[in-house]
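Q:
In the working numbering, the protein residues as written are 155 to 436.
Given below as structure tokens:
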């Protein structure tokens, strides 16, 4: 009840009664109560430990990259950002999230692609003998064409590790919420490349339709962000409004002709999951 009052769902009145701020239907009431019941103290408290961090084995550029300012911008109980423990969060009726998905902060200004790939490989327990540098070095050299990592180079990294299959923009040139939700329910993260920071790779690890599946403007996307310096908790997680993201899901003209710039994604998974993925991405 205290949580509901604090978050403005219900409010107290001068006659000492507590009721909704405006009339709601029985269905809306049940949805609110389910969400209140599903949120516990540990989930509404930010996690400022490093239990969610993948061990850093290399440093591609010691003088820069978000790892060089690790936790310096943290502000516990920030008044400007929500404090949630995404690492220990579990799925609910409306939320699908990869529980205990570990994060990694890139060690240079341009290695977000390799860092995103490393997080996915770690999720599938295939990162024992690799690190950010081995993945970076496994890419075809495109230094004469562009900086950063394009989709072709993301594929290179997964080709360099045994046992992976992948599906990309080259196979289906768009992503919708149903595909994302179904992949997450199957335990499969999705790497996305878009115009955040002018060109950036992140990993989708969660989606919440807020109990209103037919209304998308309140939908929430949860990502593992290898450059997480903007929300007062450098835990490696970020949150976006789904509608805002999907309408900015482009690199614009970051990559030259011949390389995709719009709706760029790659979902990589162990070979034994290929049949399941093919039933989801059609």
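Glycine is no exception: its CB is placed at the ideal position from the N, C-alpha and C atoms.
Rounded C-beta distance between residue 323 and residue 418? I'm assuming under 8 Å.
A: 5 Å
Q: Please identify the residue among 385, 231, 428 and 287 whose C-alpha is closest to the C-alpha of residue 340.
A: Selected option, being the one with the closest Cα: 428.
Q: Run through DSSP, which three-state label would residue 301 get?
A: coil
Q: Count Cβ pairs between the segment 364 to 380 and the segment 401 to 417 that sit closer than 8 Å; are there 3 or more?
A: Per the Cβ contact rule, the segment 364 to 380 is not in contact with the segment 401 to 417 (fewer than 3 Cβ pairs under 8 Å).
Q: With distance defined between alpha-carbon atoms, name the residue in 325, 210, 179 and 227 nearest to residue 385.
A: 227
Q: Suppose contacts are defined by Cβ-Cβ distances below 9 Å. Is residue 255 in contact with residue 389 by that definition?
A: no
Q: Work out the CA separation of residue 274 and residue 266 for me, nearest whole Å.
A: 12 Å
Q: According to DSSP, simplified to helix, strand and coil, what is residue 326?
A: coil
Q: Quick check: the Cα distance between residue 204 and residue 292, rounded to an integer number of angstroms?
A: Rounded to whole angstroms, residue 204 and residue 292 show a C-alpha spacing of 28 Å.
Q: Alpha carbon to alpha carbon, what distance is there between residue 435 and residue 194?
A: With a pLDDT of 45 at residue 194, under the threshold of 50, the modelled position of that residue is not reliable, and the figure given next carries that caveat. If I take the Cα positions, the gap works out to 34 Å.
Q: Report buried or exposed for residue 317, applying the criterion of at least 16 other Cβ atoms within 10 angstroms of its Cβ.
A: exposed
Q: Going by C-alpha to C-alpha distance, which of 277, 395, 243 and 199 sits closest to residue 331?
A: 395
Q: With DSSP collapsed to three states, give me the class of residue 368.
A: coil
Q: Tell me residue 318's beta-bridge partners as DSSP assigns them.
A: Under DSSP, residue 318 shares a beta bridge with 424.
Q: Starting from residue 357, follow the beta strand (DSSP E) in both directions and report where the run begins and ends.
A: Residue 357: member of the beta strand (DSSP E) spanning 354 to 362, first to last residue.
Q: In the DSSP assignment, the beta strand (DSSP E) including residue 378 goes from what residue to what residue?
A: 374 to 378
Q: With distances taken between CB atoms, is the gap from residue 361 to residue 206 smaller than 9 Å?
A: no
Q: How big is the Cα-Cα spacing for residue 312 and residue 303?
A: 13 Å
Q: Which residues mark the beginning and the end of the alpha helix (DSSP H) in which residue 251 is found?
A: Careful: residue 251 lies outside any alpha helix (DSSP H), inside the beta strand (DSSP E) at 249 to 251.
Q: My output table needs one value for residue 333: the three-state DSSP class, helix, strand or coil.
A: Helix, per DSSP.
Q: Over what stretch of residues does the alpha helix (DSSP H) that includes residue 392 continue unbroken?
A: Counted as a single uninterrupted DSSP element, the stretch harbouring residue 392 is not any alpha helix (DSSP H) but the beta strand (DSSP E) occupying residues 391 to 395.
Q: Residue 295 by DSSP, collapsed to three states: which one?
A: coil
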